[in-house]
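Visitor: Have a look at this one.
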Ligand SMILES: *Cc1c(COP(=O)(O)O)cnc(C)c1O
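Numbering (my numbering), first residue to last: 20 to 740.
Here's what the structure looks like:
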């Protein structure tokens, strides 16, 4: 018999009950709204702080695993019950806010946002890096702004890998079945409660996919999943791993995402006004839109279909690096698009293949997702001013007869979601000085600036030190070798009592491990760097984190090279590598370090966003002038390395030499002395002025609200029809 005072919890895990007066924790944990409101995260943490850490901030696992005595204790605590009730009420109020209309974007005709990865929260492991985090921030901001938007992606059964470093510094990958994680996802069904299934022709057969719904505030995120009995064993693995497998896996995933995604929206009765292709992975969707158009308008030509599709589609390119722009050999295209599909577009094989080429005449050129997207979307953009320029140069040949400056690729600089990335402690400070709706001031940069100047330096510094201490204790826990039975491996420590110090200048360096990010630039003159960090009066410590793509051997070697420096005693004391970089670790780092280091090879950092997160927390950027930093740096809000001019006629080796020298010099002469220049109260006045300047200038300009407004104005509503 069902107990009277308990409520059944989770349709996925039978027989788990919650006390009735805490039953709304079920609804709270079913929508990621809680994850960007500090009171939300605190509700779960306060239930059982240790368990909260061990379930890795996954609320549904927490509710399932928590000791029932503890839970009932909380249910008997009127203050806690009241906090839950109040949060739930606010969530309900927020979710009930009506969606707004923006030109042709209306609640009936929303934006359909397509992306291969989504970084909404650590507990939803469907992202690998910046692209996914950006997509997650996009959804949260759309929700906050009541922009009608639905999102489409894939449900990766094994997610992205978890990183382990072996004794010799080599990266190993581990995958876990995400269905063990009690994710807040629900099957998408029709009115009769039957699963909605879409099919796509792949590998000469029909492959079926069901869909799952993830709620991100007011935004619905649909994830396609081929792991159903209708498919054979191999096809069930199509949505197995994010960026796993080979080129064949990649193209079938992309066909499912683009074509399956459009079919899913149709099956749901959703009629998007605009399709946003966030990176080229989803570009096949344009072909399905063209096919549907021609099916309904049999008298029209493919060119008419292109005109129709272009007016509906927006494309964002995210990288000038070749590996980020998928290309497929003709055999793979043949295997994925049969004659029937090509016929339905009123094309022949040759003209179909030409759609994906920069030069349609060049029969040897592979089929590229970026050329396809550029041709099929009326609006295309890069993700910073510089990246816009670079993309126009890179893709000018797609647009025949156009001069570089006339290439129709504009730019919308990336931003980050303030409520996700600004530390709760700073948010509390802003509330104190600007009121509960402090983030609304970000729409008015001048008022924001003024409001921040009214906060005393001492308060800013105190808040920063709090976060820095938190980070250092977090690191000590992370590197303690308890996992391996006190066996000291290359990056673990058996004695952490004095490891890292909150008074030392602390540099953070965390990002994907990939060639152009130059992980080992800092090792160029190793002796000189050791002298900098081992300075007895002004010591410096540095924290690294990041994953290499599982198939990128060169990146893994670079990582091993860095980690192997641990054989040096000084390095071991002052540098640390944190395994398994993710959104959670990113938050600790961008909130708790003093300096955020970035040394990409120019001009390959399309935008970068981690530096924006850092600056919003008063962490000073020390970065090469590339991507967003060219727009963000004003001389006072951080430090620049090297020059702005593109180096002419130098080899990569020579550039590395120059820029590493510049880095050491700035560290020795500017960054380190400034940090240690403190007044009689121990506060580094000039440094704090820079922190304040960063918070004042970077927060409004690189907030995702500004980014989304730009997308609405410059892309989503920019059509004339
Ligand atoms: C923000 C973020 C990124 C992007 O970082 P960049 O330095 O801009 O490349 C990657 N991974 C995680 C987990 C992040 O939070």
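Here a beta-carbon is modelled for each residue, glycine too, at the ideal position from N, C-alpha and C. For clarity, every value in this text was computed on a predicted model and none was experimentally measured.
1. Sorry if obvious, but does the Cβ on residue 571 come closer than 7 Å to a heavy atom of ligand 1?
2. By a C-beta neighbour count over all protein chains shown, 10 Å radius and 16 as the cutoff for buried, is residue 253 buried or exposed?
3. Answer yes or no: the CB of residue 148 versus the heavy atoms of ligand 1, is any distance below 7 Å?
4. Could you pull the start and end residues of the beta strand (DSSP E) that residue 400 belongs to?
5. Between the alpha carbons of residue 64 and residue 164, how many angstroms are there, rounded?
6. Where residue 171 and residue 243 are concerned, what is the direct C-alpha to C-alpha distance, given to the nearest angstrom?
7. Is it right to say residue 56 is buried, meaning 16 or more other beta carbons lie within 10 angstroms of its own, or is it exposed?
8. How big is the Cα-Cα spacing for residue 644 and residue 671?
9. Measuring straight from C-alpha to C-alpha, what distance separates residue 114 and residue 162?
10. Is residue 351 near residue 266, with beta carbons less than 8 Å apart?
11. Who does residue 295 pair with in a DSSP beta bridge?
12. Take residue 515 and list the residues in its own chain whose beta-carbon comes closer than 7 Å to its own, dropping the five residues that flank it on each side.
13. If you reduce the DSSP assignment to three classes, tell me which class residue 626 lands in.
14. For residue 674 and residue 245, what's the separation of their Cα atoms in angstroms?
15. Out of 735, 318 and 376, state which residue places its alpha-carbon closest to the alpha-carbon of residue 344.
16. Return the first residue and the last residue of the beta strand (DSSP E) that residue 232 is part of.
17. Give me, in chain order, the residues of the same chain whose beta-carbon lies closer than 8 Å to that of residue 53; leave out the 5 immediate sequence neighbours on both sides.
18. Cα separation between residue 722 and residue 363?
19. For residue 202, which of 311, 368, 327 and 176 has the nearest alpha-carbon?
20. Three-state secondary structure (DSSP) at residue 505?
21. Using the C-alpha atoms, what's the distance from residue 81 back to residue 74?
22. Look at the Cβ atom of residue 489, then the Cβ atom of residue 611, and state whether they are nearer than 8 Å.
23. When you measure from the CB of residue 709 to every non-hydrogen atom of ligand 1, does any distance come out below 7 Å?
24. At 4 residues or longer, what runs of the alpha helix (DSSP H) sit wholly inside the region 417-497?
25. Rounded to the nearest angstrom, what separates residue 397 and residue 624 at their Cα positions?
26. Output the distance between the C-alpha atoms of residue 67 and residue 92, rounded to the nearest integer angstrom.
27. Here's a check: name, in chain order, each residue in its chain whose Cβ is nearer than 6 Å to the Cβ of residue 410, leaving out the five neighbours to either side.
28. By Cβ distance below 6 Å, which residues in the same chain neighbour residue 13 in space, the five residues on each side in sequence not counted?
29. Which residue marks the beginning of the beta strand (DSSP E) containing residue 527, and which one marks its end?
30. Rounding to the nearest angstrom, what Cα-Cα distance links residue 189 and residue 579 in this structure?
31. Comparing alpha-carbon positions, which option in 304, 676 and 709 lies nearest residue 689?
32. Cβ of residue 609 within 8 Å of Cβ of residue 636?
33. Beta carbon of residue 529, beta carbon of residue 564: below 8 Å?
34. So, at 6 Å on beta carbons, what are the nonlocal neighbours of residue 17 in its own chain, with the 5 sequence-adjacent residues on each side left out?
35. Residue 647 and residue 403 look like a contact to me (Cβ under 8 Å); what is the Cβ gap, rounded to whole Å?
Guide: Per the coordinate set shown:
1. no
2. exposed
3. yes
4. 398-401
5. 28 Å
6. 8 Å
7. buried
8. 16 Å
9. 9 Å
10. yes
11. 132 and 333
12. 495, 498 and 499
13. coil
14. 47 Å
15. 376
16. 224-235
17. 47, 59, 60, 62, 63, 78, 106 and 110
18. 43 Å
19. 176
20. In this prediction, residue 505 has a pLDDT of 45, which is less than 50 and means its spatial position is unreliable; nothing more can be read from the coordinates.
21. 6 Å
22. yes
23. no
24. 437-440, 443-453 and 464-472
25. 25 Å
26. 11 Å
27. 336, 401 and 428
28. Any answer about residue 13 is impossible in this case: the structure gives the chain only from 20 up to 740.
29. 524-529
30. 6 Å
31. 709
32. yes
33. yes
34. As shown, the chain starts at 20 and ends at 740. That puts residue 17 outside it, with no answer to give.
35. 5 Å
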